[in-house]
Structures are given as C-alpha cells and as structure tokens.
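To start, the structure under review is shown below, and the notes come after it.
In this note's numbering, the protein residues as written are 27 to 449.
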C-alpha cells in the first residue's frame, strides 16, 4: 500500500511543473500548499508580476486622465495639489493589493471621495477584493463606495458630462469591474473544487485498495485456518497418542505414523496452494478444486481412518446440485466441527447431520457428547467458530454453537438454497 500512496504523491507533486509562471501564486499555493516555503506568503510568479505592473499602469493612466479633466476653474488649487498627491500615493499602494485586499479597499473609499485621480487605484482595489475575498466583503465595501458616487459628482461635477450620465457611467463601470473580479474568483473556486474532487477520488481509491487487500487477507486467513487446522489436528492427536503410549502395538504405531505422514503431505500441499495464491495475487484455476457438499463423505471417511467415531446422516437427494457457495461453506463447517471434536472431545462419537432441499435451505448439525476423563490440551487460536460464523453470514445464512445440557457441544448452521430458476 505504501507503493500506491507513493505513486499518487509522486504524480501530484509535479502538477504545475513547466507552467507555474502561467498561474497566479495564490492559486498554486491553494492547490499545492507544500510547494512553497512553510509559514510564508507564496512567491509571485511571472504572471503575478505582469498583472501587477498592468494594474499599476492602469491606475496611473486613469489617474492622468482624471487629472487632465481638473482645472483651476472647477477645482481649487489647494484641493488640486491634495488630489494629485493622494492619487500618486494610491497608485503606489496598488502594489499592496495582494497582501491587504480588504484594508486597501476600505482605505480607497475616503481617498476616492476626496481624490479624483485615485479612481483608477480604487477600481483595481475593488477588483482585487472581489478576486481574493468572499462576496460579503464585496457587498458591504462596494455598496458603500457606490452609494457615495452620486454625492461625489454632486460636490464635484464633471464639466463635460451631465450629472446623471456621469453617475450612471461610473456605477456601471464599477459594477463591471467587480463582476469581472467575481468571475475570476468563481473560476478559481471551480479549480479548487475539481482538485478537491480529484484528491478525494485518489484517497477513496487508496482506501478501496486497502479494503480489498484487507478482505483478501481475511479470506486467505480463513481459508488457511479451515484447510490446515483439520490436517494439523490429525498430526497433533496422533503424535500425542504415540507420546503417551510408547508401548502400543506395532500395527497401531504404524497406522498412526501413516496418518501423520499422509496428513503432513496433505497439509504441505494445501500450504503450497495458499502460498501460490499469495504470490500470484489471484486464485490458481489449475490447482485442486474447492470442496463441495459431495466431499463430506470423504471427509468423514478420513476422520474414521484417523480413529474418530463419526456418524454421518446425509439426507440430501443430490449433493452435487447444492450451490457451490453453500456446499463449500457446509463442508468447511463439518470440517471445523470434526476438528474441534478431535481436539476437545477425543474418543467421543461425533454425529454429522446434513439435511435440506431447494427452497428450504441447507441445515448442518454437528454434535458430540462430553468427553470421558481429562482431555490433554491441544493448542489452538479459538478463532475457527468465529470465522465460520462470519462465513455463514456472508453466505446469507446463520450459525449457532454452544454447550449442550449433557456437557456436550453442538454446532448448528443454516445456509440458503434457492429453487432453480426454471421452477
């Protein structure tokens, strides 16, 4: 999984390689916060410098046009000097628009009301505010600025334009500039949304891959337990019998040694298959077929050969007609029940009952009486029945297990078996 995560990180790191200068630094920083220095403002790109110079020169041009329209006849000399000084300072303040967009826009309200030459800088400030801040800032600050436009032209009328035309033109031009800024902001927000969706999709893909691996590992672990526990229990039981009965007859020792050899061989074969699945990443179709309900007879015969007393009551008309999933689950339940009986009740008679029909389901019942005398401890994880309960639930059935009133133990499971589609 680290490989998957590393690949996604490596792919997203050079997202703007080769074209960073075409994008605003604020956009790059928002989309890739780790690209720039930590705790510092992002460095301006070539595009930022070009836009800042353009805004600066635009503010100067608009200020010069406004200064050209002012004469000693319509503007007092003192106010003319103050107007031009404030206009020059406003044009210089344009370079601060990225750092303090809200403060600059607020400061331009009184400055723009006093200075006619600061109009260009005011438009740049409101455009920057619309790009970098939410709409509520634009609504309040822009609304106050537009409300002062009629009063401004009432106190300082434009000599070449009627009052209403000057007011309407200024309001319309200001609204267009602010709308342009809102459009730029909406496009950036769309890019942020698309990048967030892409990142969420990558994260979900990684989580799905991790979940798939976890489920695959759990399935392999259940299969390993079901397959190997049966074989290894035979080894443990017969090895324990040889250990506690060193004076057993030669024929019995030979039979136990044969069971041990055969069980070890089968366990080795099963282990090779499981390791092959782990290496290949998928099931090997060329391996041995998965057991079904029809293989329960062979399972019981194997337990009888190992010395267990097993009674099989198989009341299914055609075991081969049982669905593969239900048959395989029933086989594993019977295998685990026989394994647990050998470990915890050696020598006790085990009864395995399998009944069912299409439309009624498949019932598996395994029971054994209480063992006689002390039972030697056989190591185990105790997770077999838990895994079988989960397996039966995943198959759409249920499994119950517990001690009986006489001290024995029983396992009862029900698995779905639907009718054929033609009926």
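Note that CB positions come from ideal geometry on N, CA and C, so glycine has one too. In this text the structure is predicted, and so the values were computed from the model without any measurement.
Taking residue i as part of the beta strand (DSSP E), name the residues at either end of that continuous run.
i	result
residue 466	In this structure the chain extends from 27 to 449, so residue 466 is not present and cannot be described.
residue 353	Run containing residue 353: none in the beta strand (DSSP E); it sits in the alpha helix (DSSP H), 350 to 370.
residue 378	376 to 383
residue 120	Neither: residue 120 is in no beta strand (DSSP E) and is coded neither H nor E.
Cα separation between residue i and residue j?
i	j	result
residue 74	residue 159	17 Å
residue 84	residue 71	20 Å
residue 343	residue 387	13 Å
residue 205	residue 420	58 Å
residue 214	residue 224	15 Å
residue 176	residue 228	54 Å
residue 309	residue 414	With a pLDDT of only 48 at residue 309, under the threshold of 50, the placement of this residue in the model should not be trusted; the figure read from the coordinates follows. Each residue's Cα considered, the two are about 21 Å apart.
residue 274	residue 385	51 Å
residue 318	residue 327	15 Å
residue 298	residue 291	11 Å
residue 235	residue 412	25 Å
residue 134	residue 219	32 Å
residue 122	residue 187	33 Å
residue 345	residue 283	33 Å
residue 417	residue 288	28 Å
residue 194	residue 126	29 Å
residue 80	residue 149	13 Å
residue 210	residue 200	16 Å
residue 189	residue 87	23 Å
residue 337	residue 389	16 Å
residue 471	residue 439	Nothing can be reported for residue 471: it is not among the residues displayed for the chain, which extend from 27 to 449.
residue 92	residue 217	38 Å
residue 322	residue 221	56 Å
residue 258	residue 239	27 Å
residue 104	residue 117	20 Å
residue 174	residue 167	11 Å
residue 35	residue 232	Unreliable positioning characterises residue 35 in this predicted model, as indicated by a pLDDT of 40, which lies under 50. The coordinate reading is nonetheless provided below. Distance between the alpha carbons of residue 35 and residue 232 is about 12 Å.
residue 432	residue 367	15 Å
residue 277	residue 370	26 Å
residue 444	residue 383	9 Å
Rounded to whole angstroms, how far is the Cβ of residue i from the Cβ of residue j, which I believe are closer than 8 Å?
i	j	result
residue 329	residue 294	At roughly 20 Å, the Cβ-Cβ gap does not stay under 8 Å, so residue 329 and residue 294 are not in contact.
residue 82	residue 128	About 20 Å separates the two Cβ atoms, so there is no contact after all.
residue 286	residue 265	6 Å
residue 380	residue 340	5 Å
residue 279	residue 334	Incorrect: roughly 18 Å between the Cβ atoms, too far for contact.
residue 434	residue 395	4 Å
residue 436	residue 391	7 Å
DSSP three-state label for residue i, please.
i	result
residue 289	helix
residue 69	coil
residue 423	coil
residue 339	strand
residue 229	helix
residue 444	coil
residue 277	helix
residue 398	coil
residue 429	strand
residue 258	helix
residue 196	helix
residue 344	coil
residue 373	coil
residue 316	coil
residue 416	helix
residue 186	coil
residue 214	helix
residue 176	helix
residue 334	coil
residue 271	coil
With residue i as the anchor, note down where its alpha helix (DSSP H) starts and where it stops.
i	result
residue 133	127 to 140
residue 389	Element bounds for residue 389: not the alpha helix (DSSP H) but the beta strand (DSSP E), 387 to 394.
residue 147	145 to 158
residue 171	161 to 173
residue 329	322 to 331
Say whether the segment 111 to 125 touches the segment 138 to 147, bearing in mind that this needs 3 or more beta-carbon pairs closer than 8 Å, one atom from each stretch.
yes
Is it the case that the segment 228 to 238 contacts the segment 178 to 187, given that we only count it when at least three CB pairs across the two stretches are under 8 Å?
no
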